[in-house]
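*Asks:*
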Amino acid sequence: MKKIMTGNEAIAQGAWEAGLHVAAAYPGTPSTEILENLSTYKDVYSEWSTNEKVALEVAAGASMAGGRALAAMKHVGLNVAADPLFTLAYTGVNGGLVVVTADDPGLFSSQNEQDNRYYASHAKLAMLEPSDSQECLDFVKEAFDISEKFDTPVLFRVTTRICHSKTLVETSARKEVPVKPYAKDVSKYVMAPASAKKRKYVMEDRIAAMKKFSENTPLNRIEDGPKKIGIITSGISYNHAKEVFGDEVSYLKLGFTWPLPEKLIRKFAGMVETLYVIEENEPYIEDFVKIMGIQCTGREKLPWVDELTPEIIRRAFFPGSEEQGGYAIDAEVPPRPPVLCAGCTHRGFFYEVGKYKDIVVTGDIGCYTLGIVPPLSVTDSVICMGASVSGGVGFSKAVEKAGRKEKVFAVIGDSTFFHSGITGLIDAVVNKAPIVINILDNRITAMTGHQENPGTGRTLMGEATHQVDLKSLCMACGVKEENIRLIDPYDLTLTKEAVRAGYESSEPFVIITTSPCALIKDVIKARTNMKCVIDQDKCIKCKMCMKAGCPALNFRDGIVFIDRASCNGCGICLQICPKNAISREV
Amino acid sequence: MKKNDTKSILLVGVGGQGTILASKILSEGLVRKGYDVKMSEIHGMSQRGGSVTTHVRFGTKVASPVVPEGEADVLVAFEKVEAVRWLKYLRKGGRLVVNNFEIYSLPVLTGTAKYPDEVVEKLEKEVPDLKIFNAGEIAESLGNIKAQNVVLLGALVKAMGLEDIDWESVLKELIPPKLLDLNLKAFKAGLEQ
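Chains as they are written, first to last, in this note's numbering: chain L, 7 to 592; chain H, 21 to 213.
As structure tokens, then:
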């Protein structure tokens with residue numbers, strides 16, 4: 007019987023069926039579950055790598071050794087891994103190498119909406135785009151064959167709606183593929199200028215061969231229908247287009263999208279009266295069609311921004327027709343933004359830092375990005391993994407030039423620090439930037455749903471392993487021991503003292519918070535009966551406690567109270583209360 | 021534009037309310053019945069108090085995994101204000117199932133936004149096919165508020181006329197044994213709504 011699977015589960019299943027040997031990734035929504043699922047197949051070696059560049063290099067090394075390898079990452083992760091990616095296009099592969107990029111149209115949980123299909127045309131890599139979970143499974147198997155056939159890494163491009171939608175899938179058994187032999191070949195694997203130039207010619211021959219393949223592969227197919235309208239589409243957009251146009255038009259459904267099939271596109275355009283290109287975000291296919299001199303309609307009707315949906319397509323191509331409406335009532339709906347959880351270990355730190363009006367908080371990617379949410383509102387910037395530290399160095403240097411007084415607090419989580427913060431820390435030390443680097447260490451990669459990281463002491467495959475010690479690491483990079491504070495962020499007195507010491511320091515300073523994420527199962531268990539309660543006789547309703555923005559604190563019908571179900575007794579509110587009206591039951 | 025037999029269900033709620041498990045049970049039941057099923061969820065920040073939406077679509081052949089605006093046959097809101105937020109997705113004549121339960125978001129808690137008044141009255145006036153009840157209370161009376169998702173699932177199954185699927189066996193497969201009895205009761209209570 008067919009199973010219902012997410013795109014991510016199907017990619018894992020397909021890669022396993024294709025005989026995958028080595029898989030590596032850094033967690034990132036919407037790609038995370040690919041490796042989480044792969045780790046359950048015991049005949050595949052899977053790892054969480056320190057960052058995406060490392061993951062791709064691990065996979066590339068495995069491919070060079072002759073194994074079938076896969077690296078997975080979210081779209082912005084491929085920016086981190088772009089350095090090896092471009093040159094791997096020159097070296098090619100030994101065992102098949104598939105790079106999954108999971109883009110996030112609609113920015114459901116990302117800092118930008120970049121369309122990574124351009125990486126394929128830029129780096130000159132074969133690219134596949136599945137439309138549902140069955141295609142995720144089938145195409146990933148195809149991708150390994152293509153990789154080995156053309157001696158190229160393959161970019162496997164999916165989006166949030168593919169990764170996180172479940173559709174029916176037919177699975178099959180694993181095909182055991184032996185690890186190929188490795189033979190030293192410096193002209194292929196050592197990309198010094200002279201050999202790289204030669205490889206570029208090899209690459210051009212490969213592209214010519216892939217162009218031919220693109221014309222004939224069943225991955226690109228015409229779905230014959232009425233010829234008044236023809237639609238060229240790929241990925242999830244194909245399903246949305248089908249939803250709106252059904253079988254009343256013809257489709258050119260593209261699954262192999264670099265190099266694009268010129269002749270097939272020309273043939274299809276010649277078959278139909280009017281040609282539409284329906285795709286999400288950038289006009290990647292449309293520009294190609296137009297450069298070929300073929301008239302088509304797409305971007306002028308479809309938006310540049312946000313996820314594509316059936317109703318957006320319907321409104322664009324059938325304006326005014328059949329707005330089926332739905333209902334509405336006259337009520338203003340309050341927003342429901344994500345917030346730091348009740349009992350979050352980050353809250354006390356942000357509360358204390360927020361007291362300083364001249365601290366500039368350079369933020370980073372993770373739960374603590376939510377330090378920006380009112381009433382905490384302390385973060386000044388969030389750009390990319392690691393930018394809190396290095397951006398903070400630059401900020402402090404410009405402040406120094408201007409003779410101003412802002413103090414930079416760079417705020418970064420443990421996993422993000424291992425990913426990209428260490429280089430910034432070294433930069434701060436060597437270049438004497440008087441910034442405070444705050445490593446909010448909650449012992450896990452929290453935002454993406456609790457993945458192991460180098461500080462966790464456990465691998466993705468569940469083995470115990472070395473735990474990188476943050477304090478020793480910072481000291482080895484040159485931070486003086488007296489400039490490092492390890493604090494329990496649930497203790498506001500300690501937190502306050504550490505923030506003050508950092509604020510007053512004229513040297514690189516590090517604060518490391520040491521409480522594990524409140525959502526870790528063992529933590530939940532340990533704190534399950536810890537609750538804070540408000541003595542209503544003592545409460546003066548000043549609502550000071552609510553200034554830390556804990557969602558367990560309510561003000562309703564004139565009283566402040568704590569929701570028992572969500573409170574974990576962290577005690578931040580208790581320490582803030584000026585009337586000692588809050589106590590902890592243990 | 022095309023017409024087909026695809027049915028659309030939208031489940032909306034707040035992180036932690038069990039919408040995703042309810043959708044999982046629902047999809048599994050529909051798969052067993054032999055439908056083509058597509059389910060899509062947005063849960064990126066759900067654990068952090070944000071909105072959670074799950075789209076479930078089934079029929080002979082489903083195209084998009086996303087319920088188009090104004091086309092949901094049933095909208096199940098696990099929280100009252102979420103019903104209002106997603107109301108435009110319910111088709112004219114579709115059924116609205118609402119858990120009469122409030123979860124204040126942080127802007128409401130801190131006083132920068134207001135939780136709207138008279139939502140129930142307004143919904144009653146506007147939506148003809150409305151089922152509103154407190155699933156949390158029902159679940160609590162059965163032993164655990166957390167089973168409210170399965171109470172709502174029962175109400176949804178009734179709304180869609182899907183009682184002929186062997187839901188008991190699906191629940192048995194997807195619910196841990198020690199919680200099974202509670203959830204079977206919760207499902208039954210939902211069917212009776």
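From the three backbone atoms N, C-alpha and C, an ideal C-beta is built for every residue, glycine too.
Model, not experiment: these values are computed from the prediction.
If we ignore side chains and look at the alpha-carbon of each, how far apart do I10 (chain L) and V175 (chain L) end up?
*Replies:* So the alpha carbons of these two residues sit roughly 6 Å apart.
*Asks:* Would a check of beta-carbon distances place A30 (chain L) closer than 7 Å to chain H?
*Replies:* By this cut-off, A30 (chain L) is not an interface position.
*Asks:* Can you find the residues in the same chain that come closer than 7 Å, C-beta to C-beta, to V146 (chain L), ignoring five residues on each side of it along the sequence?
*Replies:* Correct list, in chain order: I17, G20, A21, A24, V104 and F162.
*Asks:* If the cut is a Cβ gap below 7 Å, which residues of chain L does R105 (chain H) touch?
*Replies:* Within 7 Å Cβ-Cβ: V339.
*Asks:* Taking contact to mean 3 or more Cβ pairs, one atom from each stretch, closer than 8 Å, check whether the stretch 39-47 of chain L and the stretch 122-129 of chain L are in contact.
*Replies:* No contact exists between the stretch 39-47 of chain L and the stretch 122-129 of chain L.
*Asks:* Between which two residues does the beta strand (DSSP E) carrying I62 (chain H) extend?
*Replies:* First-last of the beta strand (DSSP E) with I62 (chain H): D56 to I62.
*Asks:* Would you kindly check if the distance between the Cβ of W310 (chain L) and the Cβ of M133 (chain L) is under 7 Å?
*Replies:* No, the Cβ-Cβ distance between M133 (chain L) and W310 (chain L) is not below 7 Å.
*Asks:* Looking at the unbroken alpha helix (DSSP H) that takes in M481 (chain L), where does it start and where does it end?
*Replies:* Per DSSP, M481 (chain L) belongs to the alpha helix (DSSP H) from L476 to A482.
*Asks:* Using the rule of at least 16 other Cβ atoms within 10 Å of the residue's Cβ for burial, across every protein chain shown, is S478 (chain L) buried or exposed?
*Replies:* Exposed, since its Cβ has fewer than 16 Cβ neighbours within 10 Å.
*Asks:* Between the stretch 342-355 of chain L and the stretch 374-393 of chain L, do three or more beta carbon pairs fall short of 8 Å?
*Replies:* With the cut-off at 8 Å, the stretch 342-355 of chain L and the stretch 374-393 of chain L touch.
*Asks:* Give me, in chain order, the residues of the same chain whose beta-carbon lies closer than 6 Å to that of K585 (chain L); leave out the 5 immediate sequence neighbours on both sides.
*Replies:* Excluding sequence neighbours, K585 (chain L) sits near K544 and I546.
*Asks:* Could you check which residue in L:M391, L:S201 and L:P440 has the C-alpha nearest to that of T429 (chain L)?
*Replies:* Of L:M391, L:S201 and L:P440, the residue nearest in Cα terms is L:M391.
*Asks:* Could you tell me whether the Cβ of I62 (chain H) comes closer than 7 Å to any Cβ of chain L?
*Replies:* I62 (chain H) counts as touching chain L.
*Asks:* Pull up the distance between the alpha-carbon of S37 (chain L) and that of F324 (chain L), whole angstroms please.
*Replies:* Computed Cα separation, rounded: 34 Å.
*Asks:* Can you say whether Q473 (chain L) is buried or exposed, counting buried as having 16 or more other CB atoms within 10 angstroms of its CB?
*Replies:* By the neighbour-count rule (16 or more Cβ atoms within 10 Å), Q473 (chain L) is not buried but exposed.
*Asks:* Could you tell me which of L:V384, L:P460, L:R590 and L:S137 sits nearest to M536 (chain L), measuring between CA atoms?
*Replies:* Checked all of L:V384, L:P460, L:R590 and L:S137; the closest Cα to M536 (chain L) is L:R590.
*Asks:* At least one CB of chain L closer than 7 Å to the CB of Y109 (chain H): is that the case?
*Replies:* Cβ-Cβ to chain L under 7 Å: yes for Y109 (chain H).
*Asks:* In the DSSP output, what is M209 (chain L) paired with across the bridge?
*Replies:* For M209 (chain L), which the question treats as bridged, DSSP gives no partner whatsoever.
*Asks:* So that I know if they touch, is there some Cβ in chain H lying closer than 7 Å to that of R449 (chain L)?
*Replies:* No, because no Cβ of chain H sits closer than 7 Å to the Cβ of R449 (chain L).
*Asks:* Given this structure, state the Cα-to-Cα distance separating K22 (chain H) from L270 (chain L), to the nearest angstrom.
*Replies:* With a pLDDT of only 46 at K22 (chain H), under the threshold of 50, the placement of this residue in the model should not be trusted; the figure read from the coordinates follows. Taking the straight line joining both Cα atoms gives about 26 Å.
*Asks:* In chain order, what residues of the same chain lie with their CB nearer than 7 Å to the CB of S47 (chain H), ignoring the 5 residues before and after it?
*Replies:* Answer for S47 (chain H): V57, M59 and V76, listed in chain order.
*Asks:* If distances are taken between C-alpha atoms only, which option among L:V435, L:I242, L:V529 and L:G276 comes closest to Q140 (chain L)?
*Replies:* Of L:V435, L:I242, L:V529 and L:G276, the residue nearest in Cα terms is L:I242.
*Asks:* Across the stretch 170-183 of chain H and the stretch 203-211 of chain H, are there enough close Cβ pairs to call them in contact, namely three or more that are closer than 8 Å?
*Replies:* Short answer: they touch.
*Asks:* Taking 8 Å as the cut-off, does the stretch 116-134 of chain H touch the stretch 548-565 of chain L (at least 3 CB pairs, one atom from each stretch)?
*Replies:* A contact exists between the stretch 548-565 of chain L and the stretch 116-134 of chain H.
*Asks:* Compile a chain-ordered list of the residues in the stretch 168-180 of chain L whose CB is closer than 8 Å to at least one CB of chain H.
*Replies:* Cβ contacts with chain H: H170, S171, K172, T173 and L174.
*Asks:* Using a C-beta to C-beta distance shorter than 8 Å, which residues of chain H count as neighbours of I10 (chain L)?
*Replies:* In chain order: S47, E48, V51, V57 and M59.
*Asks:* Take every Cβ of the stretch 310-319 of chain L, pair it with every Cβ of the stretch 246-256 of chain L, and state whether three or more of those distances are shorter than 8 Å.
*Replies:* Yes: at least three Cβ pairs fall under 8 Å.
*Asks:* Note the first and the last residue of the continuous beta strand (DSSP E) segment covering V596 (chain L).
*Replies:* Residue 596 (chain L) cannot be examined here, being either before or after the span of chain L that is shown, 7 to 592.
*Asks:* In this structure, how does DSSP classify R464 (chain L) when only helix, strand and coil are distinguished?
*Replies:* DSSP places R464 (chain L) in strand when its eight states are reduced to three.
*Asks:* Under 7 Å, Cβ to Cβ, is there at least one residue of chain H near R163 (chain L)?
*Replies:* No, its Cβ sits nowhere closer than 7 Å to a Cβ of chain H.
*Asks:* Output, in chain order, the set of chain H residues within a Cβ distance shorter than 8 Å of N560 (chain L).
*Replies:* Here the neighbours are Y124 and L129.
*Asks:* So that I know if they touch, is there some Cβ in chain H lying closer than 7 Å to that of I319 (chain L)?
*Replies:* False, the Cβ-Cβ gap to chain H never drops below 7 Å.
*Asks:* For K142 (chain H), return the contacting residues in chain L, with the cut-off set at a CB-CB distance below 7 Å.
*Replies:* Those are I335, D336 and A337, listed as they occur along chain L.
*Asks:* Below 7 Å between beta carbons: does that hold for N118 (chain L) and V86 (chain L)?
*Replies:* Taking 7 Å as the Cβ cut-off, N118 (chain L) and V86 (chain L) do not qualify as a contacting pair.
*Asks:* Under a Cβ-count criterion, where at least 16 other Cβ atoms within 10 Å of its own Cβ denotes burial, should V436 (chain L) be classed as buried or exposed?
*Replies:* The residue in question, V436 (chain L), is exposed, as its Cβ has fewer than 16 Cβ neighbours within 10 Å.
*Asks:* Please return the same chain residues whose Cβ sits closer than 6 Å to the Cβ of K59 (chain L), not counting the five positions on each side in sequence.
*Replies:* Correct list, in chain order: V86 and A87.
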